[in-house]
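> One structure follows; several queries about it will come next.
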Amino acid sequence: MFENKTIAFIGSGQMAEAMIAGIIDQKIMLPEQVIAAGPREERARELAARYNIRTTTDNREAAREANLLVLSAKPQILDEVLPAPPETGAEHCDFVLSIAAGVSLGHLVARFGNERMVRAMPNTPAKIGEGITVWTATQAVGEQQRSQARAILQAFGEEVYVDHEDNLDMATALSGTGPSYFFMLMEAMVDAGVHLGFSRRIARKLVFQTALGAVLYARATDEHLVSLRNQVTSPGGTSAEALYHLEKGGFRTVVSRAVWAAYQRSVALGGGKKVSQRLGSPRPGTELDNDI
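Mapping of the sequence shown onto my numbering: position 122 corresponds to residue 122, and the numbering continues sequentially without gaps.
Okay, here's the thing in structure tokens:
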């Protein structure tokens, strides 16, 4: 699928490294087929030594050598990483894959001069091969190119294709930003454990394994989350008492507002208008890092 192909990353940050590691570890492509471009020579040497890939500080050079181009720079500087068309170097690529949050397909096509554009929203667990990436593509991206994009994204976790680009902003709020919500919850639980009297080491172990076990159990049983919660909530018991205080403290409302705020921010980053919604009302049609 990738014979005689070269993939170049414009932006050599943490998410780019996660993708590079997955591509090489899963033998999607060979190290000599990968180029990482970024502004810092020290970072270039680090990636070259770690993965035996080619590196450069010249973004345009990397784009010109690539058959597949990944835009992995932060959205705030994305427009600055390559010259304007027709001199971007991206025009000839089989397709261009962007992981810049909030940057629309229309803007990407106009800015980089290639109609074969894929837009994806990965998340940080990609760094250990456990990410989830939501992605879409322009109509100009053919079936073979979509298969190539899917193979690249599956190299560092699971992937979900969506037909409508609007779903990318929704995914940014739910799965893209989602790890930070869980990190904060686990942080709060660890702190509570320390307050109870556990050492931080033991509190972390208890919380981390509890979180991991809960997720694996939920996936294995495929039961409704309400049913799973009820299984561990006895009348008058400790879980019932704890959940009462979470509900009383507005836990669900705070989470809902946080996810909605992240969605609004993603829309704003893409130049869209801020969307207003009354909390609790379903939104129509919703059935269903310099470097990053």
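Think of the CB as a built atom: it goes at the ideal place given N, C-alpha and C, for glycine as much as any other residue.
Predicted, not measured: the structure shown is a model, and the values here were computed from it.
Can you say whether P122 is buried or exposed, counting buried as having 16 or more other CB atoms within 10 angstroms of its CB?
Classification for P122: buried.
> List the DSSP bridge partners of R119.
Looking at the DSSP assignment, R119 forms a beta bridge with S98 and T136.
> Measure the CB-CB distance between L78 and A149 and report whether it falls below 8 angstroms.
Against a cut-off of 8 angstroms, the Cβ pair of A149 and L78 comes out as no contact.
> Can you list, in chain order, the residues of its chain whose CB lies under 7 angstroms from that of S276, leaving out five sequence neighbours each side?
Summary for S276: the model assigns pLDDT 49, below 50, so the residue's position carries little reliability; its value from the coordinates is reported in the next sentence. Closer than 7 angstroms at the Cβ level, and outside the excluded window around S276, lies no residue.
> Residues in the same chain with beta-carbon distance under 6 angstroms from T177, minus the five sequence neighbours each way, listed in chain order, please.
Excluding residues within five positions, the ones whose Cβ falls inside 6 angstroms are A262.
> Going by Cα to Cα distance, which pick from F208, L243 and P179 is closest to G193?
Checking every option, the nearest Cα to that of G193 belongs to F208.
> First and last residue of the beta strand (DSSP E) that includes I23?
Per DSSP, I23 belongs to no beta strand (DSSP E); it is in the alpha helix (DSSP H), Q14 to D25.
> Identify whether A84 lies in helix, strand or coil by the three-state DSSP scheme.
If DSSP states are grouped into helix, strand and coil, A84 belongs with coil.
> Apart from the five residues just before and just after G129, which ones in its own chain have a Cβ nearer than 7 angstroms to its Cβ?
Hits under 7 angstroms: G22, F156 and G157.
> In the DSSP assignment, the alpha helix (DSSP H) including V194 goes from what residue to what residue?
It spans G178 to L196 - the alpha helix (DSSP H) in which V194 sits, taken as one unbroken run.
> Alpha carbon to alpha carbon, how far is A173 from L82?
Their backbone Cα atoms lie some 28 angstroms apart in a straight line.
> Does the Cβ of S72 have 16 or more other Cβ atoms within 10 Å, making it buried, or fewer, making it exposed?
By the 10 Å Cβ count, S72 comes out buried.
> For L212, count the other beta carbons within 10 Å of its own beta carbon; 16 or more makes it buried, fewer makes it exposed. Which is it?
Answer is exposed; the Cβ neighbour count stays below 16.
> What does the alpha-carbon distance come out to for the pair L153 and E41?
Cα to Cα, the separation comes out at about 27 angstroms.
> Using three-state DSSP, classify I28 as helix, strand or coil.
Here I28 sits in coil by DSSP.
> For A101, I'd like the list of residues in its chain whose CB is within less than 7 angstroms of its CB, leaving aside the five on either flank, ordered along the chain.
Hits under 7 angstroms: P75, M121, T172, G176, S266 and L269.
> Within this structure, are the beta carbons of T136 and L108 separated by less than 8 angstroms?
No, these two residues do not count as a Cβ contact at 8 angstroms.
> For a quick check, are the C-beta atoms of M1 and V70 less than 8 angstroms apart?
Not a contact, by the Cβ cut-off of 8 angstroms.
> Determine, using beta carbons only, whether L243 and T253 come nearer to each other than 8 angstroms.
Not in contact: L243 and T253 (Cβ atoms no closer than 8 angstroms).
> DSSP three-state label for V207, please.
Residue state, collapsed to three classes: helix.
> Determine which residues share a DSSP beta bridge with A36 and list them.
Bridge partners of A36: F9 and T55.
> Could you check the C-alpha separation between G113 and R257 for me, to the nearest Å?
Cα-Cα distance, rounded: 37 angstroms.
> I need the straight-line Cα distance from L105 to V141, nearest angstrom please.
Straight-line Cα distance between these residues: approximately 12 angstroms.
> For V160, name the three-state secondary structure that DSSP assigns.
V160: strand per DSSP, three-state reduction.
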